Amino acid sequence: MLNLLKQQNFKQNGGVLLREQLSKREEYGGIAKIFTLEELKKAMNNYHESRILGRRGQGTVYKGLLLDGRSIAIKKSLIGNQSQVQPFVNEVIVLSQINHRNVVKLLRCCLETQVPLLVYEYVKDGTLFDYLHNATHTSIISWESRLKIAIEAVEALSYLHSAASPPIIHRDVKLTNILLDENYNAKVSDFCASRLVPSNKEQVTTLVQGTLGYLDPEYFHLSQLTKKSDVYSFGVVLIELMTGRKAISFERPEHERNLSLYFVSVMKEERLLDIVDGRVLNDKNIEQLKEVATLARR
Numbered sequence: 001m002l003n004l005l006k007q008q009n010f011k012q013n014g015g016v017l018l019r020e021q022l023s024k025r026e027e028y029g030g031i032a033k034i035f036t037l038e039e040l041k042k043a044m045n046n047y048h049e050s051r052i053l054g055r056r057g058q059g060t061v062y063k064g065l066l067l068d069g070r071s072i073a074i075k076k077s078l079i080g081n082q083s084q085v086q087p088f089v090n091e092v093i094v095l096s097q098i099n100h101r102n103v104v105k106l107l108r109c110c111l112e113t114q115v116p117l118l119v120y121e122y123v124k125d126g127t128l129f130d131y132l133h134n135a136t137h138t139s140i141i142s143w144e145s146r147l148k149i150a151i152e153a154v155e156a157l158s159y160l161h162s163a164a165s166p167p168i169i170h171r172d173v174k175l176t177n178i179l180l181d182e183n184y185n186a187k188v189s190d191f192c193a194s195r196l197v198p199s200n201k202e203q204v205t206t207l208v209q210g211t212l213g214y215l216d217p218e219y220f221h222l223s224q225l226t227k228k229s230d231v232y233s234f235g236v237v238l239i240e241l242m243t244g245r246k247a248i249s250f251e252r253p254e255h256e257r258n259l260s261l262y263f264v265s266v267m268k269e270e271r272l273l274d275i276v277d278g279r280v281l282n283d284k285n286i287e288q289l290k291e292v293a294t295l296a297r298r
């Protein structure tokens with residue numbers, strides 16, 4: 001009975017189609033292999049609470065430990081939808097061919113459960129959001145490190161937009177989706193909302209999806225998703241890096257709640273230095289901060 005259920009889940013989650021597609025593409029080699037449920041349950045110590053790295057709207061992320069000692073991150077989705085089988089298969093195939101040092105690698109997947117499990121490389125030092133906004137992090141990221149993180153994140157987005165085939169629009173660029181290792185090397189993560197864009201199209205019409213505070217207004221009003229949507233979201237990330245403020249905060253005065261809107265008004269009034277994070281501001285980086293602010297305003 002259990003084997004029958006696994007087979008049903010495997011078929012429902014596009015396992016047969018995925019295997020067919022991967023078998024036709026020898027260039028994928030051993031990448032994006034399919035894990036069995038037993039392998040992943042062992043890696044996660046049977047979904048033990050102590051292995052949970054975080055919970056998000058789309059699901060739960062666990063830390064897994066393979067028999068060879070390697071650590072992995074396992075994402076368990078909350079949503080199962082038959083209509084998403086083909087997009088899921090396409091996403092796995094495309095992400096499995098990506099080999100960019102600033103994009104979290106998709107290693108494997110498991111399709112024997114009710115919803116697919118995706119297995120990624122493990123990046124141990126958490127998210128950029130944790131470092132910038134979580135009070136439990138006592139270390140302060142210098143401006144030089146923040147700029148390095150921004151450069152690496154934008155290199156990853158440029159790769160997704162221009163080098164991936166077909167191009168990928170991330171669709172949810174934000175601090176919590178930028179992971180850091182112990183040397184502040186950035187890796188863009190979480191592609192559950194991403195869209196694959198045919199190379200002959202500049203935009204796709206889709207339901208609006210993303211995070212409040214980072215959403216491109218044009219995409220929000222017209223439901224037309226383009227690469228510019230990611231660019232807008234990255235601009236908000238730049239503003240957060242400069243100011244140390246959250247993209248949205250209802251604890252701030254009403255006119256300051258939406259950081260991007262407040263930033264535009266501050267720039268018009270030429271008051272940038274009033275909102276720059278005082279922990280990183282000094283005489284040596286003022287001009288560089290102004291240049292980054294001008295870039296973010298675009």
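Residue numbers for the sequence shown follow the UniProt record's numbering, so the first one is 1 and each next one is one higher.
Built from N, CA and C at the ideal position, the CB exists for glycine as well.
Quick caveat: nothing in here was measured; it's all calculated off a predicted structure.
Give every residue of the same chain whose Cβ lies closer than 6 Å to the Cβ of residue i, excluding the five residues on either side of it in the sequence, and list them in chain order.
i	result
Arg245	Leu259
Leu281	none
Leu53	Val61, Lys63
Arg25	Summary for Arg25: the model assigns pLDDT 49, below 50, so the residue's position carries little reliability; its value from the coordinates is reported in the next sentence. Hits under 6 Å: none found.
Ser229	Asp216, Tyr219
Ile275	Thr243, Val266
Arg55	none
Glu182	Asp125
Arg298	none
Smallest Cα separation from residue i: which of the options?
i	options	result
Pro166	Asp216, Val61, Asp125, Gln97	Gln97
Val231	Glu287, Leu157, Leu222, Asn285	Leu157
Ile286	Ser162, Val92, Trp143, Leu175	Trp143
Ser71	Leu160, Ala150, Tyr122, Tyr62	Tyr122
Leu118	Arg271, Cys109, Val104, Leu40	Cys109
Pro116	Leu40, His133, Val236, Glu182	Leu40
Leu160	Glu269, Gly235, Val103	Val103
Leu128	Asn177, Ser162, Leu111, Asp190	Asn177
Tyr214	Glu240, Lys76, Lys187, Asp190	Glu240
Ala193	Glu38, Val154, Val92	Val92
Ala73	Asp125, Arg101, Ser233	Asp125
Ser77	Ala164, Asp190, Lys290, Ile149	Asp190
Ala164	His100, Gln288, Gly210, Leu147	His100
Gly59	Arg298, Lys75, Gln288, Met44	Lys75
Ala150	Ala135, Ser162, Val188	Val188
Ala293	Glu38, His133, Leu106, Val236	Val236
His48	Phe35, Pro253, Leu65	Leu65
Starting from residue i and walking both ways along the beta strand (DSSP E), at which residues does that stretch end?
i	result
Ser139	Run containing Ser139: none; DSSP gives neither H nor E here.
Glu121	117-121
Ser227	This sequence places Lys at residue 227; Ser is not what is there. It is not in any beta strand (DSSP E) - Lys227 instead sits in the alpha helix (DSSP H) that spans 227-243.
Arg252	Neither: Arg252 is in no beta strand (DSSP E) and is coded neither H nor E.
Tyr62	59-65
Arg70	Careful: Arg70 lies outside any beta strand (DSSP E) and carries neither H nor E.
Leu179	178-180
Leu107	106-110
Below 7 Å CB to CB, which residues in the same chain sit around residue i once its five sequence neighbours on both sides are set aside?
i	result
Ser145	Tyr184
Lys42	none
Arg279	Ile140, Gly244
Leu212	Ile248
His137	Asp130, Tyr131
Glu202	Thr226
Arg195	Ile169, Arg171, Val204, Thr206, Leu225
Pro198	Pro166
Asp277	Met242, Thr243, Gly244
Leu107	Ile72, Val119, Tyr120, Glu121
Could you tell me if residue i is buried or exposed, where buried requires 16 or more neighbouring beta carbons within 10 angstroms of its beta carbon?
i	result
Lys174	buried
Arg171	buried
Asp68	exposed
residue 307	For residue 307 there is no data in the structure shown, the boundaries of the chain being 1 and 298.
Leu147	buried
Leu222	exposed
Ala153	buried
Quick one: what's got a C-beta closer than 8 Å to residue i's C-beta in the same chain, skipping five residues either side?
i	result
Asn46	none
Gly30	Unreliable positioning characterises Gly30 in this predicted model, as indicated by a pLDDT of 44, which lies under 50. A coordinate reading is not provided.
Leu180	Val123, Asp125, Gly126, Thr127, Leu128, Tyr131, Ile149, Ala186, Lys187
State the start and end residues of the unbroken alpha helix (DSSP H) segment that holds residue i.
i	result
Lys268	259-268
Val292	286-297
Lys41	37-43
Ile275	272-275
Leu212	No alpha helix (DSSP H) holds Leu212; DSSP gives it neither H nor E.
Leu128	128-133
His221	217-222
If residue i and residue j are in contact, beta carbons under 8 Å, what's the gap, nearest whole angstrom?
i	j	result
Ala186	Leu238	In fact, because the Cβ distance is near 13 Å, the residues do not count as touching under 8 Å.
Phe250	Arg257	6 Å
Lys290	Leu261	That belief does not hold up - the Cβ atoms of Lys290 and Leu261 are roughly 20 Å apart, past 8 Å.
For the ligand ATP, is there any heavy atom lying closer than 7 Å to the beta carbon of residue i?
i	result
Phe263	For the ligand ATP, the structure offers nothing, since it holds no ligand at all.
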